[in-house]
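Trainee: In order, the protein sequences belong to chains F and Y. If you want my numbering, it's the position in the first sequence, counting the first as 1, plus 1. If you want my numbering, it's the position in the second sequence, counting the first as 1, plus 35.
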Amino acid sequence: MQETNSWYRRTLRYLKRRPSGTLGAGVVLVFMVVAIFAPYLAPYHYADQDVEAILAPPSPGHPLGTDELGRDLLSRLIWGSRVSFSVGLIAVGIGISVGLVLGTLGGYVGGLVDRLVVALIDIVWSFPTILLAIGLTAILRPGLRSAMVALGLVTWPQYARVVRGQVLSYKQREFVEAARSMGASNRRIILRHILPQVMSPIIVLATLGMAQAILVEAALSYLGLGVQPPMPSWGSMLERGRNYIYEAPLLTFAPGLSITLVVLGFNLMGDALRDVLDPYTSLR
Amino acid sequence: MRYLGTRILSMIPVGLAITLVVFLILRLAPGDPVLLLAGPRPTPELIERIERKWGFDRPLHEQFFRYVSHLIRGDLGYSVMQRRPVTELIALSLPVTLELGLAGIGLAIAIGIPAGVVSAVRSGSWVDQLAMFASIAGISIPGFWLGLMLIYAFAVRLKWLPSSGYGTLQHLVLPAVALGTSSAALLSRVMRSSMLDVIRRDYIRTARAKGLAERVVIYKHALKNAMLPVVTILGLNLGYMLAGSVVLENVFARPGMGRLLINGILQRDYPVVQGMLLMLALSVMLANLLADITYVFLDPKIRFD
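Here it is in structure tokens:
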């Protein structure tokens with residue numbers, strides 16, 4: 002318990018010294034609060050139409066104006082944050098789960114199992130993320146759930162690779178030998194002694210993975226393969242806004258800026274966390 | 036040279052694995068593949084012909100070998116929607132995609148490498164901080180949104196460049212900038228950290244101690260060695276560029292492989308989807324191979340392994 006506490010304090014102290022990381026965390030926090038409390042914060046429901054105001058410019062009633070169906074842009078942005086965060090969290094969750102299981106399996110068991118895991122990593126790795134995600138959503142039928150699953154299934158190798166490497170190196174260490182000689186089971190060795198060591202790089206990767214997932218979901222939705230109407234996603238809002246770039250450029254500015262800010266927040270946070278948590282890849 | 040031989044041979048299983056994944060994507064897609072191949076108006080004769088040609092009545096592994104043997108003979112199927120063989124569609128769209136990809140990577144190299152070197156040489160200065168903030172911002176901006184913003188600024192407002200289409204150099208500028216920005220950002224980060232790593236080495240201290248001019252030390256001794264990891268990233272990045280061009284081709288209405296791929300998915304024109312996915316994935320594989328070959332020429336240590 003004490004150890005967790007000091008780890009937590011060290012992180013906090015470090016984040017204070019790295020303002021960019023704190024800034025990133027702040028941005029992420031703001032958007033997260035917006036996503037959680039979207040129904041209370043949004044002035045309108047995302048599908049509410051105001052037929053009196055179609056492609057209206059900003060006004061007191063509609064702070065950012067309305068889209069081609071008279072829907073309030075601000076409200077749709079606020080609701081859209083939910084899509085981004087839920088896709089990010091679930092995709093990263095799936096990616097980490099698969100990555101942890103396969104990575105641990107390969108690294109700990111070794112032999113043929115390990116060779117299979119490595120081959121699987123190599124195959125998925127040889128496809129660029131977005132390309133495989135596009136292919137998978139094609140199988141799964143376009144939609145929010147497909148985007149989440151596809152992203153998780155495409156990104157697990159980055160976690161598996163790191164987990165496998167860490168497990169391989171910790172497997173040989175004295176403290177694991179000691180635990181084994183005291184009669185600890187494999188289960189106990191993995192869960193209590195090895196996996197806690199793996200958590201630091203995973204936290205870093207997960208933070209950067211959120212940024213990646215949100216970007217790819219936006220791209221998928223922009224292409225019409227992600228979230229389907231009327232549910233607002235920043236990506237699909239951009240796709241529709243494009244048609245009105247002359248009359249209502251805000252429809253294109255605002256969702257893109259939201260994506261950029263959230264992704265920037267996660268990236269800044271991930272970079273700062275990497276420096277403090279991950280002694281292997283941080284370059285000082 | 037042995038290394039290169041092994042490396043090229045190792046492409047064969049990877050290439051087969053890629054083909055298998057793409058093959059399975061078509062087979063797992065919803066709907067009867069025969070009906071999908073037959074298009075909107077299937078006749079019994081057409082269905083029979085497709086079943087015979089693609090061997091859908093055979094076991095899955097046999098179908099896969101049949102697919103590969105068709106592939107080797109350059110037969111990727113027929114797009115009923117476009118009324119053309121897929122290979123013909125690839126021949127038409129590949130140059131469009133390659134043009135954008137190469138322009139993007141050229142831009143990324145031209146901006147990213149100098150920015151990374153300057154950042155490293157003046158590490159900690161305001162130039163470095165500015166460049167590093169620009170680079171993390173560049174990684175965070177979605178390329179397709181940047182494309183839309185460029186369209187707004189240079190096509191809608193200033194009317195300097197066309198907003199979409201393909202053909203002239205003017206049509207290439209905006210998509211290339213949109214595509215190259217994130218890679219430039221990534222390259223500058225890798226270049227910087229690699230350069231910082233090299234600058235601290237003993238041989239750089241020796242070079243300085245010999246009294247060589249700082250310029251010679253940086254550009255002749257450090258840069259050459261610092262390029263190694265950058266080349267690897269560049270190869271990986273060429274793949275991401277191709278993937279990124281899938282989205283950007285749709286933003287800028289360029290008739291490349293990415294646009295065909297997305298239209299194929301939306302119209303459930305699976306032979307096209309399969310062909311485009313396969314070609315794009317194989318190009319990525321070749322790009323990585325190319326990076327490895329360059330690596331060997333840059334790093335004499337590998338050659339004698």
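In this text, a Cβ means the ideal position worked out from N, Cα and C, and glycines have one as well.
Within the 8 Å Cβ cut-off, does F:V277 reach chain Y?
Mentor: no
Trainee: Could you round the C-beta distance between Y:T54 and Y:M292 to whole angstroms and report it? I think they count as a contact, below 8 Å.
Mentor: So it is not a contact: roughly 17 Å between Cβ atoms.
Trainee: Output the residue ranges of the alpha helix (DSSP H) runs that lie fully inside the region 137-177 of chain Y and measure 4 residues or longer, sorted by chain position.
Mentor: 161-175
Trainee: Could you name the residues of the same chain whose beta carbon sits closer than 7 Å to that of F:P58, not counting the 5 residues immediately before and after it, in chain order?
Mentor: G66
Trainee: Should Y:E83 go down as buried or exposed, given a rule of 16 or more other Cβ atoms within 10 Å for buried?
Mentor: exposed
Trainee: Please report whether the beta-carbon of F:L252 lies at a distance below 8 Å from any beta-carbon of chain Y.
Mentor: no
Trainee: Nearest chain Y C-beta to F:L226 closer than 8 Å, yes or no?
Mentor: At a cut-off of 8 Å between beta-carbon atoms, F:L226 makes contact with chain Y.
Trainee: With respect to the alpha helix (DSSP H) encompassing Y:Q98, which residues constitute its N-terminal and C-terminal limits?
Mentor: L95 to I107
Trainee: For F:L131, return the contacting residues in chain Y, with the cut-off set at a CB-CB distance below 9 Å.
Mentor: At residue 131 of chain F the sequence reads Ile, which differs from the Leu that was named. Under the 9 Å cutoff, chain Y gives Y275, A278, G279, V281 and V282.
Trainee: Under 9 Å Cβ-Cβ, which residues of chain F neighbour Y:I53?
Mentor: I124, S127 and F128
Trainee: Leaving out five residues on either side along the sequence, give the residues of the same chain with a beta carbon under 6 Å from the beta carbon of Y:L61.
Mentor: Y305 and Q309
Trainee: Mind pulling the beta strand (DSSP E) runs of 3 or more residues that sit fully within the region 93-167 of chain F?
Mentor: none
Trainee: Can you grab the Cα-Cα spacing for the pair F:G136 / Y:W195, in whole Å?
Mentor: 36 Å
Trainee: Decide if F:P202 is buried, meaning its Cβ has at least 16 other Cβ atoms within 10 Å, or exposed.
Mentor: buried
Trainee: Please return the same chain residues whose Cβ sits closer than 8 Å to the Cβ of Y:A326, not counting the five positions on each side in sequence.
Mentor: V266, T267, L269, G270, L271 and L273
Trainee: Cβ closer than 8 Å: which chain F residues qualify as neighbours of Y:F287?
Mentor: Per Cβ cutoff of 8 Å: no residues; Y:F287 is ~11 Å from chain F at best.
Trainee: Give the range of the alpha helix (DSSP H) segment to which Y:N285 is assigned.
Mentor: Counted as a single uninterrupted DSSP element, the alpha helix (DSSP H) harbouring Y:N285 occupies residues L258 to V286.
Trainee: By Cβ distance below 6 Å, which residues in the same chain neighbour Y:I297 in space, the five residues on each side in sequence not counted?
Mentor: N285
Trainee: With DSSP as the reference, please indicate the residues paired to Y:P120 in a beta bridge.
Mentor: BP columns for Y:P120 point to Y:Y113.
Trainee: Using a Cβ cut-off of 8 Å, pull out every chain Y residue sitting near F:R77, in sequence order please.
Mentor: Going along chain Y, no residue has its Cβ under 8 Å from F:R77, so there is no contact; the nearest lies around 16 Å.
Trainee: Taking the C-alpha atoms as reference points, what is the distance between Y:Y330 and F:W157?
Mentor: 28 Å
Trainee: Should the region 77-92 of chain F be regarded as contacting the region 33-42 of chain F, the criterion being three or more beta carbon pairs within less than 8 Å?
Mentor: yes
Trainee: Give every residue of the same chain whose Cβ lies closer than 7 Å to the Cβ of Y:L181, excluding the five residues on either side of it in the sequence, and list them in chain order.
Mentor: A213 and T216
Trainee: Give every residue of the same chain whose Cβ lies closer than 6 Å to the Cβ of F:A219, excluding the five residues on either side of it in the sequence, and list them in chain order.
Mentor: When the five nearest sequence neighbours on each side are left out, the beta carbons in the same chain lying within less than 6 Å of the beta carbon of F:A219 are those of W235, G236 and I260, in order along the chain.
Trainee: What in chain Y is Cβ-close to F:D272, meaning under 8 Å?
Mentor: I171
Trainee: At the 8 Å Cβ level, is Y:A316 part of the contact set with chain F, yes or no?
Mentor: Output row for Y:A316: interface = yes.
Trainee: Pick out whichever of Y:L263, Y:L317 and Y:L295 has its Cα sitting closest to the Cα of Y:L333.
Mentor: Y:L263
Trainee: Give the residues of chain Y in contact with F:G257, contact being defined as C-beta atoms less than 9 Å apart.
Mentor: I176, P177, F179, W180, L181, L183 and M184
Trainee: Return helix, strand or coil for F:Q3, following the three-state DSSP convention.
Mentor: Summary for F:Q3: the model assigns pLDDT 49, below 50, so the residue's position carries little reliability; its value from the coordinates is reported in the next sentence. The answer is helix: DSSP assigns F:Q3 an H, G or I state.
Trainee: Given that a residue counts as buried once 16 or more other Cβ atoms are within 10 Å of its Cβ, and exposed if not, what is F:L284?
Mentor: Any reading at F:L284 must be qualified, since the residue scores a pLDDT of 40, below 50, and its modelled position is unreliable; no value is offered.
Trainee: Would you call F:T151 buried or exposed, if buried means 16 or more other Cβ atoms sit within 10 Å of its Cβ?
Mentor: It is Ala, not Thr, that sits at residue 151 of chain F in the sequence shown. It is buried - the Cβ of F:A151 has at least 16 other Cβ atoms within 10 Å.
Trainee: DSSP beta-bridge partners for F:T67?
Mentor: In the DSSP output, where bridge partners are listed per residue, F:T67 has F:D73.
Trainee: Is the Cβ-Cβ distance between Y:F189 and Y:L207 less than 8 Å?
Mentor: no
Trainee: Residues of chain Y with a CB under 7 Å from the CB of F:N268: which are they?
Mentor: Within 7 Å Cβ-Cβ: I171, I174 and S175.
Trainee: If you pair each beta-carbon of the region 97-108 of chain F with each one of the region 247-256 of chain F, do three or more pairs fall below 8 Å?
Mentor: no
Trainee: Check the Cβ-Cβ distances between F:V264 and every residue of chain Y, and say whether any is below 8 Å.
Mentor: yes
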